[in-house]
Each structure stands twice: as C-alpha cells, then as structure tokens.
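Read through the structure below, which is laid out as structure tokens, and then see the notes.
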Amino acid sequence: MSWLHIAVILPLIFALIIPVLYRFYKRVHLGWFVLPIPVVLFAYFSTYLQPTMSGHYEKASMKWMPQIGMNFDIYVDGLGLLFSLLITGIGSLVVLYSISYLSRSEQLGNFYCYLLMFMSAMLGVVLSDNLLVLYLFWELTSFSSFLLISFWRHKEKSLYGAMKSMMITVFGGLSLLGGFILLYIASGTWSIRELVRHVDDIHTSPFFLLAMIFIIIGAMTKSAQFPFYIWLPDAMEAPTPVSAYLHSATMVKAGIYLIARLTPLFAVSQGWIWTVTLFGLVTLFWGSLNATKQQDLKGILAFSTVSQLGMIMSMLGIGAVSYHFNGAENQFYVAAYSAAIFHLINHATFKGALFMITGAVDHATGTRDIKKLGGLMTIMPISFTLTIITSLSMAGVPPFNGFLSKEQFLEAMIEVTSANVFSLNTLGLLLPIVAVIGSIFTFVYSFKFITEIFLGNYQPDALPHKAHEASILMNIPPIILSTLVIAIGLFPSLVSTPLVEPAVKSIANIDNITAEFHLWHGFTPAFMATLIIYVVGAILLLTHKKWVPVIKRLPQFLTLNYWYDQTGRYSPFYATQLTRTYMTGLSRNNIVIIFTTLIIITVVTLILVPFTFDFKHVSPIRPYEFISVITIIIAAVMIMFARSRLFSIIMLSAVGYSMAIFFIFFNAPDLALTQFVVETISTALFLLCFYHLPNMSRYNETPRFKIVNVVISISVGLIVTILGLIAYGNRHFISISEFYKKHVYDLAEGKNMVNVILVDFRGTDTLFESAVLGIAGMAIYTLIKLRAKHKNGYERIEKIEQTEK
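Here is the structure:
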C-alpha cells in the first residue's frame with residue numbers, strides 16, 4: 001500500500017476512531033482533533049503541484065479483487081489533484097467553522113465520523129482509476145451524505161431531505177453502474193486510462209450510445225442538473241457546515257468531475273455535446289429563476305448552486321467541441337474547459353463563504369427568513385463586508401474572481417455559434433440567449449442576498465435572538481475564502497498556472513495549453529452581454545416585488561417536487577395492495593406460488609432447450625429400495641387424507657425416516673444420522689407447535705383445494721426427478737467429488753470427507769453460515785429483551801395510573 005492509498009483511506013480510518021475518542025474525552029471540542037486530518041492531507045496533495053505542472057502524473061496500484069479486475073488503482077493528474085485540493089482545503093475550513101457552529105452538546109462523534117467518511121469517499125471518486133472502485137466510492141458519497149443531511153434527526157424536514165437525496169442519487173448511481181458495465185463490455189477494461197486508449201473500440205461498440213446515456217444520468221443526478229435538481233434545496237436542512245462542504249465544493253461537483261473525466265470517451269458524439277450543454281443551460285436558467293423567489297437564505301443559495309453547476313456543465317459541453325477541430329480553433333474551444341475549471345474553483349470559494357455567512361446570520365439572529373431580516377449592516381459589519389465581496393463575485397462583478405470566469409463563459413457561448421459542426425451555427429444561436437437570461441437572474445439573486453439581510457429596516461421584534469456579530473472563530477473561514485475571491489480576481493495566475501492548466505490537459509489530452517484570464521478584454525460581444533446583464537438585472541432588482549408574485553403562481557401540479565411527493569405518497573399504497581393479492585399470510589399460498597413458478601419455468605426451459613437422458617449407467621433398483629419408495633408414497637398419500645394433525649405429523653415423519661433409510665442403503669451413515677436427528681427434532685417441534693394452535697377442521701377443505709395440492713405435489717416431484725436425470729445424463733465436467741476423494745487426506749489431513757468439505761474445502765461458506773446463525777440469534781435475543789423491556793414499561797405505567805386513581 002502506497003502513501004496515496006493511505007491518503008485516500010486516512011479519513012475513513014479516523015472516522016472509526018473519532019467516535020471512540022469522543023466517548024472517552026469530551027473536555028475539548030472534538031473538531032480540534034479532526035482538523036489536522038484534512039490539513040495534513042491538503043499539505044500532502046500540495047506536494048504534487050509541481051509534478052502535475054510539468055505534465056507528470058503519479059500512479060499507485062494495489063490488487064484487491066483481481067479476478068473481476070477490481071483493483072485499487074490511484075491516478076493523480078491535474079484534474080484529480082484539483083479536486084483533491086478542493087476536498088481537503090475546503091474540508092479544513094469547514095471543520096474549523098464547525099467548531100464554533102456546533103456546540104459540544106451535539107452528537108459530535110457521529111457528525112465528524114460521517115464527515116470524514118464523506119471526505120474519504122470523495123477522494124476515492126476523484127483519484128480512482130478503476131471504474132468499479134470509483135463506483136464503490138461514488139455510492140459511499142451518497143450514503144455518507146444521507147447521514148450528514150439527516151444529522152438533526154429530530155427535524156422531519158432533515159429526514160425528508162436526506163431520503164430525497166438518497167433516492168435520487170442512488171438511482172443515478174445504479175444508472176452509472178450500468179454505463180460502466182457497458183464500457184467494460186465494449187473495451188474489456190475497467191481502467192479509465194486504458195479506456196481512453198481503447199476509445200476507437202468504444203465508439204464502434206453497439207453499446208456506446210446506451211453507455212453514454214446511463215453515465216450522463218448518473219452525473220446529472222449527483223450534480224443536481226435539471227430535472228434531478230429537486231433533492232438539493234431540501235438537503236439544505238443539514239447543518240450549515242454540511243451545506244458549505246457537500247453542496248458547494250464537493251458532492252455536487254462529483255458529477256462535474258465525471259463528465260470532465262469521461263469527455264475523451266464521448267466527445268465524438270454530438271449527443272454528448274448537445275445534451276451536456278443544453279441541460280447545463282436549462283439548469284442555469286431554472287435554478288437562477290427559482291432563486292429569485294426564495295424566502296429562506298439557504299433556499300437562495302441552494303438554487304444558486306443549482307444554477308452555477310449548470311453553468312459549469314454547459315462549459316464542459318462546449319469544450320467537447322474542441323475534439324472536432326485542429327489548430328487555432330481547437331485551442332479556442334479548449335478555452336471553454338479552462339473557463340469551466342476556473343469557475344469551479346471560484347464557485348467553491350464564494351459559495352463556501354456564503355454558506356458560512358448564512359450560518360453566522362442564523363446563529364446571530366435565530367432565523368434565515370428574509371422577511372424577518374434586514375438592517376444588519378451596522379450590527380454585523382464583518383459579515384456584511386464578506387457578503388459584499390462574495391455576492392458580487394457570484395453576480396459576476398469586477399474585480400472579483402467570479403467576473404473573470406463569467407466573462408469566459410459568455411465568450412464561449414457566443415463564439416460556439418460560429419462552429420460549423422452539429423448545427424451549432426444555427427440552433428446554437430439559442431445558447432448565448434439562454435446564458436444571458438440565466439446570468440441576469442443570477443445578478444438579481446446575488447444582490448437580493450445582500451439587500452434582504454443587511455439593508456432595509458432592522459426588525460428586532462421579529463428576530464428570535466438579539467442580533468450580534470458572529471464570533472471570530474466562525475468568521476475566520478469565510479474571511480480566508482473571501483480573501484481568495486479578491487486575490488484570484490486580481491491575480492488569476494495564482495490558480496491558472498498550477499491548477500487550471502494541468503486540469504485542462506487531463507480533460508483535453510493536449511500538452512500545450514495556456515489558460516489566461518484578464519479583467520479587461522476590450523469591447524467584445526461578451527462585454528456587451530455583461531452590460532446587458534447589469535442593466536436588465538438592475539431593473540429587475542428594483543421591480544422585484546412586482547414580478548416575483550407572477551412566477552410564484554406556478555401551479556403546484558406542474559412542479560417536479562409535486563410529482564416526486566405524489567410518487568412517494570401513492571407508491572407504497574399501490575405496492576401494498578399488489579403485495580396483499582399474493583401475500584395473504586397463509587403459508588400454503590406462498591408455497592403454491594413458489595412451486596407453480598418453478599414448474600412453469602422448468603417446463604418452458606425443457607421445451608426450448610433440448611436435453612438428453614442417459615440411462616446406461618443407472619444403478620438397478622433393489623427390492624428393499626423399492627419397498628422404501630412404496631412406503632414413502634403411501635405415507636405421502638395418507639397425509640392428504642389425514643383427518644387429524646397427529647396422524648399428519650406421524651406420516652410426515654415416516655417420509656423423513658424412510659429417506660434416512662435410503663442414505664443407509666447408499667453408504668452415507670453420517671447423512672442418515674443427520675436425517676434421523678432432524679426428523680426427531682422436527683417431529684417434537686411440530687407436536688409442540690400444534691399443541692398450542694387452535695383447533696381446525698380439515699372437513700372444510702374443498703375438492704378444488706385438494707386437487708391443487710395433488711397436482712402441484714405430483715408436478716414438483718416429476719420436475720425434480722426430470723432435473724436429476726438431466727443433470728445425470730448431461731455432465732460436461734468431472735465431478736468435484738473426485739477432487740475431494742483424492743485430496744481429503746493429503747491436503748486437509750482428515751479422514752471424514754464430509755467434515756473436511758465443511759471445515760476446509762468450503763470453510764468460508766460454513767463460516768458465513770455460522771455468522772448468519774449468530775446474527776439471527778442476536779436479533780432474536782434483542783427482540784426478546786425489547787419485549788421484556790416494553791412489558792416492564794407497561795407494568796410501570798399501569799402502576800402509576802392506579803396510584804393516581
């Protein structure tokens with residue numbers, strides 16, 4: 001195991017240690033013990049900056065399940081390093097912020113366990129070269145984010161948001177797995193680097209289109225793209241550190257990472273370019289429009305995150321056009337990748353800070369409702385200053401970093417209309433229009449965030465708490481991020497050379513890339529579009545109260561949330577009704593369904609697949625074997641006509657004991673002994689159970705009831721007999737029993753073949769069977785204890801009630 005492997009699983013290891021530490025040591029906030037983990041990892045990954053800038057990459061391999069090709073392969077290039085630094089860097093600030101945000105009365109052991117688990121999962125996603133391992137970490141992000149969103153389990157909205165995010169992202173994860181499997185079928189490899197080398201085989205594969213669709217769905221669900229965005233606003237019920245981490249810098253960026261990473265495989269398709277670009281722009285427009293009508297601060301930031309993710313996604317779609325050009329044109333469309341990566345960094349800085357500021361306002365006032373807020377500029381001057389910086393960056397106002405990437409975005413959308421491929425020079429005219437409209441609403445909600453909190457009238461009576469400035473510790477992380485917003489805006493080369501260029505090289509597979517960002521580009525079409533955004537945005541901001549009621553009148557049944565809730569409300573009802581049609585509570589009905597299905601499947605298989613029967617080597621039937629068979633048949637028939645339970649049990653035991661005699665005939669005394677023991681115990685248990693059952697008359701059984709029993713019994717018997725004969729007459733391999741006979745002594749050093757098989761040759765099976773029995777035993781013991789506990793509780797309640805009377 002290399003240092004890279006340790007770096008990926010280190011948070012996961014500490015996720016198991018932290019809860020134990022919290023249990024025995026509570027004098028100091030647990031966050032101080034967690035903080036060094038992301039800080040150390042950030043410092044470690046920073047050492048890879050220089051190699052990736054030089055065009056080198058680091059890889060490490062570890063065999064895990066080589067039989068299926070599932071190896072823990074780590075690959076650090078520019079793209080993976082960028083995300084690793086975001087995960088650990090923003091993670092460090094989030095942990096520092098959580099120390100002041102979460103009190104020691106919270107379940108901190110659980111919180112930091114989930115947070116570290118998520119951190120490790122994200123590192124695994126962005127650094128794994130093996131698709132199966134990537135999928136494993138991908139699902140771990142869904143699971144750990146579910147735990148983080150539902151951290152405040154006493155809140156119904158938290159549980160609702162957690163379940164919603166789990167349902168949608170896990171659905172996307174299953175789609176993603178389907179796409180990965182199809183890629184493996186097309187290329188024969190799970191390695192992402194090898195997939196790029198087999199790109200021609202993938203393009204000619206009949207599974208290419210289906211794999212592309214499955215992967216896009218998986219990425220869109222995780223990155224909250226339209227129409228799967230509905231989970232993200234409800235996930236804002238999580239604690240603010242979770243929102244600042246998962247929903248601005250990490251989890252929602254996983255889908256962005258996947259699209260960027262797999263672009264070399266699918267960029268050849270116009271379906272990939274149009275789908276990624278259009279859905280990104282629709283998400284940008286729809287998210288920004290909905291953000292303008294939110295009353296909750298986190299609601300504004302949630303929909304703004306949706307819109308910003310759509311903006312990044314659309315730029316990745318435009319960048320894929322570069323694969324269809326050479327020379328200068330190629331370099332131009334590659335600039336869209338540079339803009340996407342640059343904005344990804346910028347979004348992490350200003351959005352992470354805005355979430356933290358929102359948490360500070362909530363802490364200081366006790367509310368996030370903009371109707372109750374206002375006039376906090378003089379009361380919270382530090383928060384006000386930080387909000388001005390970060391909100392203007394989000395709005396795309398110079399000289400902050402958001403302006404630089406927004407200008408590149410507009411330039412890419414305008415210039416792509418001149419691309420003479422895939423009808424971009426005709427239908428593509430819609431792209432800059434949608435981009436400008438979405439950016440206008442981005443301008444509106446960004447300024448609305450400032451005005452609704454800090455300007456206007458101060459309403460102390462409407463606030464649950466007396467407003468005050470947040471603590472220094474709570475302000476340090478957003479101050480750091482706001483400083484980066486200014487520094488990157490004034491000196492974009494701070495990140496363009498060490499981070500953006502190596503990441504773009506990883507996506508575009510081009511060595512010579514220069515990412516340049518300037519505050520002034522001249523009077524370009526992008527600059528004119530920016531002026532339109534500012535002017536129209538200012539007008540809409542001033543008339544906000546007049547037009548917002550109009551967009552709030554959207555009928556409920558036209559919203560995606562409505563249909564999600566309706567599905568969640570009625571699906572269990574219809575599922576229950578369907579289940580009740582065959583799950584009647586009668587064991588006989590269950591057996592009838594199972595055996596009927598077995599009979600139908602077997603008969604259809606026998607008709608469709610030709611089988612042969614071989615009776616050449618069948619042993620002759622001896623007289624005493626014939627007598628045992630007759631005994632079994634007579635006993636089985638007598639069960640059907642028995643008029644009492646006792647007689648039925650005796651006949652059933654006769655069948656079992658007769659089978660034990662067969663084992664003796666075929667020289668299997670150990671099996672015969674086991675059968676005798678099982679039959680004896682079963683008979684005793686049957687007698688014990690039937691003794692406590694109410695009396696039931698067998699005379700009410702109709703002829704139809706008995707006929708169904710006879711038909712199914714005879715059919716199953718014939719089917720099993722036929723299957724046995726087919727298995728005997730169609731042997732394609734040497735029986736494994738020969739191996740057991742040959743090596744029972746020299747390999748296992750045992751004389752009893754059955755014991756050796758159970759303990760040595762199939763020891764793993766026996767181990768897990770024993771584990772299952774142990775787990776079942778513990779579950780039964782727990783249920784008994786709980787029943788006794790509730791019984792004692794009820795007795796205490798009855799005594800109290802009697803005393804009160």
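Following full-length UniProt numbering, the residues of the sequence shown are numbered contiguously, the last one being 805.
Glycine included, every Cβ here is placed at the ideal spot set by N, Cα and C.
Looking only at DSSP bridge pairs, what is residue i linked to?
i	result
N130	S191
A60	I74
M65	M70
D369	D296
Identify which residue in the options has its Cα closest to the Cα of residue i.
i	options	result
I6	I719, L49, A121	A121
R23	S46, Q107, W3	Q107
M377	G724, E415, F207, F454	F454
L429	T277, H343, W286, G172	T277
D404	G375, A339, T417, A435	It is Leu, not Asp, that sits at residue 404 in the sequence shown. Taking only the C-alpha atoms, the option nearest L404 is A339.
D200	S187, I192, R553, R193	S187
R645	H692, T612, D511	H692
V710	I633, A668, N512	I633
I185	A211, L490, L673	A211
V637	V655, I627, P623, F626	V655
T367	A467, T349, L301	A467
F137	L116, A302, E156, D77	L116
I507	G310, A302, H203, M315	M315
D129	I433, N326, V76	V76
L176	A642, G218, S493	G218
S54	Q67, I472, N512, E194	N512
A348	L427, L86, T385	L86
F384	E469, G585, L174	E469
By Cβ distance, which residues of its chain are closer than 8 Å to residue i, with the 5 residues on each side in sequence left out?
i	result
S165	S142, S145, F146, I149, W231, L232, D234, A235
M474	Y97, S100, Y101, M356, G359, A360, H363
S92	L35, P38, V39, F42
W547	L540
V618	Y728
I593	Y582
Could you round the C-beta distance between residue i and residue j to whole angstroms and report it? I think they count as a contact, below 8 Å.
i	j	result
P478	A353	4 Å
A462	K545	Incorrect: roughly 18 Å between the Cβ atoms, too far for contact.
K222	M251	7 Å
P264	N509	6 Å
G317	I256	Incorrect: roughly 11 Å between the Cβ atoms, too far for contact.
V268	G287	29 Å between Cβ atoms; not a contact.
V504	S393	Between S393 and V504 the Cβ distance is about 22 Å, and since that is not below 8 Å, they are no contact.
I90	A249	4 Å
H198	T189	7 Å
Q295	I370	5 Å
P399	L490	6 Å
A672	I664	5 Å
Using C-beta distances below 6 Å, list every residue in its chain close to residue i, excluding the 5 sequence neighbours before and after it, in chain order.
i	result
Y699	Caution is warranted here: a pLDDT of 45 is assigned to Y699, below 50, making its placement in the model unreliable, and the coordinate value is therefore given only provisionally. Contacts found: none.
L4	A60, I74
A244	V94, G352, F355, M356
S2	A60
T686	The question names Thr, but residue 686 is Phe in the sequence shown. So the list reads I649, once near-sequence residues are dropped.
L729	Residue identity check: residue 729 is Gly in the sequence provided, not Leu. Excluding sequence neighbours, G729 sits near T612, F613, D614.
I726	F611
E679	S653, G656, Y657
Between residue i and chain C, is the shortest Cβ-Cβ distance under 8 Å, so that the two count as touching?
i	result
L12	In the structure shown, chain C cannot be found, because there is only a single protein chain.
Output needed for residue i: all residues of its chain with C-beta closer than 7 Å, excluding positions within five of it in sequence on either side, in chain order.
i	result
A526	E407, L410, E411, I414
H29	I99, R104
N71	S61, M62, K63, W64, N130
Y745	K751
Secondary structure, alpha helix (DSSP H): runs of 4+ residues fully inside the UniProt domain "MrpA C-terminal/MbhE" (708 to 785): 736 to 743, 753 to 756
List in chain order: all unbroken alpha helix (DSSP H) runs of 4+ residues lying wholly within the region 278 to 343. 297 to 319
Which runs of the beta strand (DSSP E) at least 3 residues long sit entirely within the region 539 to 575? Give them in chain order. none
Could you tell me which whole alpha helix (DSSP H) segments of length 4 or greater appear in the region 196 to 225? 199 to 204, 208 to 222
Jot down the residue ranges of each uninterrupted alpha helix (DSSP H) in the UniProt domain "MrpA C-terminal/MbhD" (631 to 694), minimum 4 residues, whole runs only, in chain order. 645 to 665, 669 to 692
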